[in-house]
Amino acid sequence: MFHKILIANRGEIALRIIRTCKEMGIKTVAVYSKPDSESLHVKLADESVCIGPAPSLSSYLNINAIISAAELTDAEAIHPGYGFLSENAQFAEICENCGITFIGPTAESMRIMGDKISARQAVIKVGVPILPGTKEGVHDVNEAIKVAKEIGFPVIIKATAGGGGRGMKIVHSPAALPNAFATARAEAQSGFGNPEVYIERYCESPRHVEIQILADKHGNVIHLGERDCSIQRRHQKVIEEAPSTVTTPELRKAMGDAAVAAAKAVNYSSVGTMEFLVDKNNNFYFMEMNTRVQVEHPVTEMVTGVDVVKEQIRSAYGLKLRYTQDDIQIKGHAIECRINAEDSVKFTPSPGKITDYHTPGGLGVRVDSFVYTNYSVLPHYDSLIAKLIVHADTRDEAIKRMARALDEYIVDGIKTTIPFHKRIMANKDFIEGNIDTGFIERLVLE
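Under UniProt numbering, the first residue of the sequence shown is numbered 1, with each subsequent residue one higher.
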């Protein structure tokens, strides 16, 4: 097994990786920007290296600085976490060229599945259903109008690279398409350095359901069931749960089989997630693949008992999967709330010093966080400060447990989204499972 791993990330995911490494007997190296020197991942790692000033481009996206830190500390491998360089194929290649193991898939697999058009082409070959749409990028507005009319409105314009809602526009009529097309391309260029977009039919009021996969370097691939990520705001996930209330055993098997087939089609070897849309008739369609560990992986861990990060590290080292598909059993129900340093009404960032901090506890409660009393939440990075995860025998019990845990959670000195999560846990439609990707927009209008 690896002797030492460098974590090329910050915040809760860096701390999450450090914890698993400690349990595996692996030494850890934290990298950090100058203002992040007081972050918990820096304090708990075995070694730490400052890699630059606050801007991400000068620190957490600074490939040369990260590679130098790994070489300086004799780290054998680099774990990229999520975000930052986690889906950067060039970074994966540079790691390998420097004799450092990249804890993730191969650069080739990442390139295929990281580009939404090539990903669609790859999954089509193995029979995975997709929504009608273009097979190549669309570069001209007149072509876009023609294609959209052929597909049928409403359509959605998507950036071929990246995600998180940037470069994504829903269009309901030909008249609205030129402006949406230009805006999507501009956002794609700004966010990902690539203006290319494609067009597909818009699936109205869908559920966003994803399948977690594990794959090794020996051709073995299994899935760990599904997560429902339908509770979103501006295409950013807010609450995730496992299993989904929309799935039946038959649908879970069909989606799981499709996810495994898609992974095998690109010789995938790491943890990853296949994301699907599920319509009102329980038809599912491939949307994209995330070639990394995801923010919401804890809910899968809670219902399966599988340490996703540990399996990712084992796979990168070249070990075979310890599980077969028959070993995976879904037990109980788990819910995750993303706690952000934001105003719970306006959703504006709320950086600043935390004057008092108390996490909830009790049976079935887990908190993944990196903040503490007197820690200053920085304005330079994502506003996520914690993930509150609960597990119970049933969904109803999990909702009640989450409501109780939210009541116990104290974060003073800054504003957080805890009040908003409390509101969702008390919402009748959420409690009854009547949700889709438009749930929060309707809730805000109430």
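Beta carbons: idealized from backbone N, C-alpha and C, even for Gly.
Through-space distance from residue j to residue i, alpha-carbon basis
i	j	result
Gly332	Pro351	36 Å
Asp74	Lys4	7 Å
Lys280	Tyr375	45 Å
Val171	Val197	14 Å
Arg185	Asn179	10 Å
Ala261	Lys320	18 Å
Ile26	Thr245	38 Å
Gly318	Gly305	22 Å
Val377	Glu150	49 Å
His421	Lys310	30 Å
Leu277	Thr248	15 Å
Gly81	Leu57	17 Å
Ala386	Ile418	10 Å
Asn290	Val123	14 Å
Glu336	Lys253	23 Å
Arg120	Leu445	35 Å
Ala69	Asp307	27 Å
Asn88	Leu40	26 Å
Glu408	Met168	37 Å
Asp396	Lys346	29 Å
residue 468	Tyr381	No answer is possible for residue 468: it lies beyond the span of the chain, which begins at 1 and ends at 446.
Gly99	Gly219	23 Å
Ala259	Lys353	43 Å
Ala188	Gly256	30 Å
His358	Ala403	16 Å
Thr20	Arg207	32 Å
Asp115	Ala426	39 Å
His139	Val147	12 Å
Phe2	Gly83	23 Å
Residues that DSSP places opposite residue i in a beta bridge
i	result
Ala242	Ala334
Pro349	Glu342
Leu388	Cys337, Val367
Ser376	Lys353
Ser48	Ala30
Ile328	For Ile328, which the question treats as bridged, DSSP gives no partner whatsoever.
Lys158	Met168, Tyr198
residue 518	Past the boundaries of the shown model lies residue 518; the chain is included only from 1 to 446, so the question cannot be answered.
Ile440	Answer is none; Ile440 lacks a bridge partner.
Ile435	BP columns for Ile435 are empty, so no partner.
Leu6	Val29, Ile78
Asp228	Val209, Glu241
Val138	Val197
Gly133	Glu200
Distance CB(residue i)-CB(residue j) smaller than 8 Å
i	j	result
Ile222	Tyr285	no
Gln312	Val271	yes
Pro132	Glu200	yes
Ile112	Ile94	no
Ala54	Thr28	no
Arg292	Ser86	yes
Glu12	Phe439	no
Ser48	Tyr60	no
Ile156	Tyr202	yes
His79	Ala30	no
residue 487	Pro105	Residue 487 lies beyond the stretch modelled for the chain, which goes from 1 to 446, so this question has no answer here.
Ala92	Glu241	no
Leu211	Met287	What sits at residue 211 in the sequence shown is Ile, not Leu. Contact flag unset, no.
8 Å Cβ shell around residue i - same chain, five flanking residues per side excluded
i	result
Asp356	Thr373, Ile410, Val411, Asp412, Gly413
Ser37	Cys50
Glu96	Phe102, Ala107
Phe430	Ile231, Ile399, Ile424, Phe439
Ile145	Pro174, Leu177, Pro178
Ile17	Ile5, Ile7, Asn9, Thr28, His79, Gly81, Val309
Val42	Ala30, Tyr32, Asp36, Ser48
Lys125	Ala265
Ser315	Leu214, Ala215, Asp216, Lys217, Ser269, Ser270, Val271, Leu321
Contacting residues, own chain, Cβ-Cβ under 7 Å from residue i (five flanking each side not counted)
i	result
Asn340	Ser383, Leu384, Ile385, Thr416, Thr417
Arg234	Gly165
Thr348	Glu342
Leu72	Val49
Ala405	Pro360, Val365, Leu388, Val390
Ile435	Ser230, Ile231, Asp429
Val238	Ile231, Gln232, Arg338, Ile440
Any chain C beta carbon closer than 8 Å to residue i
i	result
Cys337	Absence of chain C from the displayed structure is noted, only one protein chain being present.
beta-carbon residue i near the ligand FAD non-hydrogen atom, thresh 7 Å
i	result
Asn9	The ligand FAD is absent from the structure shown, which contains no ligand whatsoever.
Residues near residue i in its chain [Cβ-Cβ closer than 6 Å; skip 5 each side]
i	result
Ala263	Ile213, Ala215, Val221
Val141	Pro178, Phe181
Ile330	Gly225, Pro243, Val303
Contact between the region 152-170 and the region 189-207 (3+ Cβ pairs under 8 Å): These segments touch.
Stretch pair the region 283-301 + the region 226-234: three plus CB contacts closer than 8 Å: Because the criterion of three Cβ pairs below 8 Å is met, the region 283-301 and the region 226-234 touch.
At least 3 beta-carbon pairs within less than 8 Å: the region 384-398 vs the region 358-368: Cβ pair count under 8 Å is three or more, so yes.
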